[in-house]
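S.K.:
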Amino acid sequence: MDSPGLLRLRGVVKRFGNFTALKGIDLDIAEGEFFTIVGPSGSGKSTMIRLLVGMDEVTEGEIWLRDKRIDQTPANLRPTCMVFQSLALFPHMTVGQNIEFPMKIRKEAPAKRRARAEELLDLLRLPRRYYDKRISQCSGGERQRVALARALAFDPEILFFDEPLSALDYRLRKTLEKELKDLHTRTGKTFVYITHSLEEAMVMSDRIAIMKDGQFEQIAVADQIYSAPVSRFVAEFMGEVNLFPLRAGADGRIESPTLSVRPGVALSDLAPGHDGLLMVRPEYLRLADSGGSFDFTLSGVVHGEYALGSRIQYEIKTENGMVTVEKLREERLSAAEGQKVTLGFNAANTHFIGEAA
Amino acid sequence: MNRLDGKLGFLSALPLALVLLLSFLAPLVVVALFSIMPPKVFSLANMPDFSAYSLFFSQGYYKSLLWSLGMALCATVILVVLCWPLAYAMAKVFGRFSLILTVAVVMSLFVSENIRLFGWVLTLMKGGLIEGHLRSWTGVGFEGPLYSVPIIIFGLVYVYLPFMLFPLAQGISMVPDDTRQAAYDLGASRWQVLWQIEVPLAAPGIVVGSLLSFVLAAGALAESKILGGQAVIAIADDVETAFTFGQNWPLGSALSMILIVIIGGLALFGVSKVDLDAIMGRKR
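Just so you know, the protein sequences line up as chains A and B, in that order.
Mapped onto the UniProt record's numbering, the consecutive letters of the first sequence carry residue numbers 1 to 357.
Mapped onto the UniProt record's numbering, the consecutive letters of the second sequence carry residue numbers 1 to 284.
Structure below.
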């Protein structure tokens with residue numbers, strides 16, 4: 001990071017009895033960043049956000065916001081707030097009262113509150129007449145926007161999100177993902193977002209942190225996490241992937257139990273005498289039967305064909321398990337199920353992971 | 001098929017519904033009719049007059065009513081404040097211990113109210129459990145707190161606690177945890193969370209508990225008789241006296257009608273204000 005982070009975590013540990021949920025987290029989040037923490041359930045991401053918001057206390061370590069240490073500050077005195085998974089709207093208040101709640105707590109004048117609430121309704125593209133609507137009369141997407149407006153009315157330094165879209169149907173989720181990214185751009189606020197959905201993270205985030213067992217596996221921009229994962233976990237978490245074990249002999253020659261390697265092919269990350277996994281995403285696999293020369297080839301039998309909408313996915317059965325291939329619709333393979341095929345790919349489209357198979 | 005089921009259900013519920021309706025309504029109608037009979041008659045075959053109602057003011061029965069309503073109000077307010085923390089703990093903190101607490105509180109209802117009140121008399125009276133022991137240890141005695149208005153209110157609070165506690169716990173359990181956390185996260189203090197989130201969201205429980213306690217306390221007479229030693233007369237006491245010693249059924253009926261109208265009106269008003277479906281666990 002060039003600039004010192006807006007939010008800094010140093011050696012943050014959280015234990016529940018004998019169980020360590022967070023194992024010494026160091027993290028810097030820059031001002032204005034859209035930072036997403038992705039992980040499967042139980043990875044510690046929810047614990048993490050509870051610590052950041054102040055709903056739980058750290059066992060060890062420090063959390064700094066600008067030049068203030070906040071890990072001992074109770075949630076209501078922290079200049080941050082969270083959009084809950086359940087949204088946690090106040091059912092006994094109208095939309096307007098919900099949005100004005102944080103301003104009312106700060107004892108702002110009613111006229112000022114009203115004006116700001118209407119501004120926020122505009123910002124979230126809700127009609128102003130919604131001001132007097134009851135929460136129970138709002139649809140799922142509208143409630144989402146009210147929750148966002150309420151959080152923005154608090155005017156937080158950082159806005160935290162705890163999987164706020166996970167309960168919505170696919171189409172609404174897709175719309176709101178884009179709206180959220182747009183809102184981030186327009187407000188310039190720092191967003192810290194938690195989700196188990198990689199897709200969601202990819203669409204919205206500046207940087208993504210992959211969490212596993214209370215630690216970060218990798219923190220990087222979305223593209224890098226997709227194309228250059230540091231571990232098998234990250235590679236498999238970020239969508240469909242093919243992993244092939246590799247080994248470099250003492251002379252630097254690459255050997256693989258599953259792939260035929262063209263003589264002279266070298267991988268910069270693979271030192272002589274070491275082994276690891278070669279990752280290739282399904283879209284980089286080509287049919288080698290029709291000619292062309294490839295650094296790596298393997299053969300198998302077409303086992304299944306699945307339509308994914310814009311793409312088609314193939315499962316190719318090889319001696320060492322299934323390989324996944326994806327093609328655009330117009331590049332549909334001519335091979336039928338049960339047909340023997342040879343697949344090829346080039347070193348430039350691969351990523352080497354220095355982790356034992 | 002559904003319509004047939006509905007019809008059959010209605011028909012089979014009809015006999016019992018009629019019996020219940022009659023057994024609730026008939027006494028009310030009789031009391032209402034007796035309340036407009038001339039003094040001290042025992043038959044409804046008389047010319048109606050409203051002399052019994054005029055006695056309510058001229059004979060000072062309104063004072064008994066005001067005492068009853070005032071003490072019931074005090075007891076209800078004390079009960080809300082007293083039961084809130086306990087109900088909160090039962091709904092949110094105690095977990096399985098709440099069940100034990102529930103059983104314990106309900107068990108106290110197995111013993112007759114009069115016996116429990118006499119227990120308090122033995123505990124609190126001069127020469128009783130407390131004062132007697134203190135006097136024998138220290139040699140200094142004091143007047144007991146018995147036979148006063150505060151001790152009557154204490155008795156009402158003591159006897160009607162379960163009727164406040166359980167609806168209140170039910171009401172509090174309806175407050176979603178995350179609304180509380182969200183309010184706190186948005187900068188509210190503990191008090192602000194209590195007044196702006198918890199109390200309004202638990203309102204159905206508060207209203208139901210308050211109504212039950214108030215209605216029961218306003219019609220109570222054992223507390224003022226046993227603990228209060230008739231320091232003040234409760235309206236229910238006047239009703240009983242009119243029917244028994246006074247042999248004046250129209251007066252007793254008129255006093256009952258006044259109490260019924262006031263409390264009934266209050267109950268209807270309260271119930272109309274809360275979402276009973278919510279507290280019964282149905283979808284709001």
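Using N, Cα and C, we set each Cβ at its ideal position, and we do this for glycine too.
(1) Could you name the residues that DSSP lists as bridge partners for I29(A)?
(2) In chain order, what residues of the same chain have a beta carbon less than 8 Å from the beta carbon of S51(B), not counting five sequence neighbours either side?
(3) Whole-angstrom Cβ separation of D144(A) and L87(A), contact assumed at under 8 Å?
(4) According to DSSP, is H184(A) part of a helix, a strand, or is it coil?
(5) Please confirm whether D2(A) has its beta-carbon closer than 8 Å to some beta-carbon of chain B.
(6) Determine, using beta carbons only, whether Y184(B) comes closer than 8 Å to chain A.
(7) Contact defined as beta carbons within less than 8 Å: I believe T36(A) pairs with S205(A). What is the distance between those atoms, to the nearest angstrom?
(8) Could you pull the start and end residues of the alpha helix (DSSP H) that P145(B) belongs to?
(9) In the DSSP assignment, the alpha helix (DSSP H) including S205(A) goes from what residue to what residue?
(10) Any beta carbon of chain A sitting closer than 8 Å to that of L201(B)?
(11) Just to check my reading of the structure: I219(A) and T190(A) have Cβ atoms closer than 8 Å, yes? What is that Cβ distance to the nearest angstrom?
(12) Would you mind sorting G338(A) into buried or exposed? The rule is 16 or more other CB atoms within 10 Å of its CB.
(13) Does the beta-carbon of L66(B), which I'm using as the reference point, lie nearer than 7 Å to any heavy atom of the ligand GDP?
(14) May I ask you to report which of helix, strand or coil DSSP gives H133(B)?
(15) Over the uninterrupted alpha helix (DSSP H) stretch that includes M103(A), give me the two end residues.
(16) Which stretch, first to last residue, makes up the alpha helix (DSSP H) that contains K340(A)?
(17) Roughly how many whole angstroms lie between the Cα atoms of L11(B) and A17(B)?
(18) Any beta carbon from chain B within less than 8 Å of R106(A)'s own beta carbon?
(19) According to the neighbour-count rule (16 or more other Cβ atoms, all chains shown, within 10 Å of its Cβ), is A348(A) buried or exposed?
(20) Rounded to whole angstroms, what's the CA-CA distance from S115(B) to F97(B)? Just pull it up for me.
(21) I want to verify the contact list: residues of chain B whose CB lies under 8 Å from the CB of V203(A), in sequence order.
(22) For the region 44 to 59 of chain A, list every residue whose C-beta sits within 9 Å of some C-beta in chain B, in sequence order.
(23) With a floor of 3 residues, list each beta strand (DSSP E) that falls wholly inside the region 216 to 287 of chain A, ordered by position along the chain.
(24) Within its chain, find whatever has a CB closer than 6 Å to the CB of M211(B); leave out the 5 residues flanking it on each side and keep chain order.
(25) Give me the residue from V323(A), M279(A) and G273(A) with the minimum Cα distance to L287(A).
(26) With DSSP as the reference, identify every bridge partner of W64(A), one or two as the case may be.
(27) Using a Cβ-Cβ distance cut-off of 8 Å, determine whether F161(A) contacts chain B.
(28) Hey, E177(A) and E142(A): beta-carbon distance below 8 Å or not?
(29) With a threshold of 8 Å between beta-carbons, can A21(A) be considered close to chain B, or not?
(30) Determine which residues share a DSSP beta bridge with K317(A) and list them.
(31) Is V341(A) near V302(A), with beta carbons less than 8 Å apart?
(32) Looking at chain A, is there any beta carbon in it that lies within less than 8 Å of the beta carbon of G187(B)?
(33) I'd like to know if C81(A) contacts chain B, where contact means its C-beta is closer than 8 Å to some C-beta of that chain.
(34) Between I36(B), W67(B) and L21(B), which lies nearest to L221(B) when the distance is taken from Cα to Cα?
(35) By the 9 Å beta-carbon criterion, what residues does the region 90 to 104 of chain A contribute toward chain B?
(36) Could you tell me which chain B residues have their CB closer than 9 Å to the CB of F216(A), listed as they occur along the chain?
M.R.: Concretely, from the data shown:
(1) L7(A)
(2) P38, P39 and P250
(3) What sits at residue 144(A) in the sequence shown is Gln, not Asp. Between the beta-carbon of Q144(A) and that of L87(A) there is about 7 Å, and that keeps the pair under the 8 Å contact cut.
(4) helix
(5) Low per-residue confidence applies at D2(A): pLDDT is 45, beneath 50, and the placement is therefore not dependable, though the value from the model is reported in the following sentence. No, no contact with chain B.
(6) Yes, Y184(B) counts as interfacial toward chain A.
(7) 4 Å
(8) Unbroken run through P145(B): none, as it is neither H nor E.
(9) Per DSSP, S205(A) belongs to no alpha helix (DSSP H) and is neither H nor E.
(10) yes
(11) Their Cβ separation, rounded to whole angstroms, is 16 Å, which puts I219(A) and T190(A) out of contact at 8 Å.
(12) Under this definition G338(A) is an exposed residue.
(13) What this structure holds is no ligand at all, so the ligand GDP is not there to describe.
(14) helix
(15) V95 to I105
(16) Counting along the chain, no alpha helix (DSSP H) covers K340(A); the unbroken beta strand (DSSP E) around it starts and ends at K340 to F345.
(17) 10 Å
(18) yes
(19) exposed
(20) In the sequence as presented, Ser is not what sits at residue 115(B); that position holds Ile. Taking the straight line joining both Cα atoms gives about 28 Å.
(21) What V203(A) touches in chain B: nothing, since even the nearest Cβ is about 26 Å away.
(22) V53, G54 and M55
(23) 242 to 248 and 275 to 280
(24) Residue identity differs from the one stated: residue 211(B) is Leu in this sequence, not Met. A267 and G270, listed in sequence order.
(25) V323(A)
(26) DSSP, once it has assigned bridges, lists R8(A) and R69(A) as partnering W64(A).
(27) no
(28) no
(29) no
(30) V301(A) and M322(A)
(31) yes
(32) yes
(33) yes
(34) W67(B)
(35) F90, P91, H92, M93, F101, P102 and K104
(36) Correct list: empty, because the minimum Cβ distance to chain B is about 25 Å.
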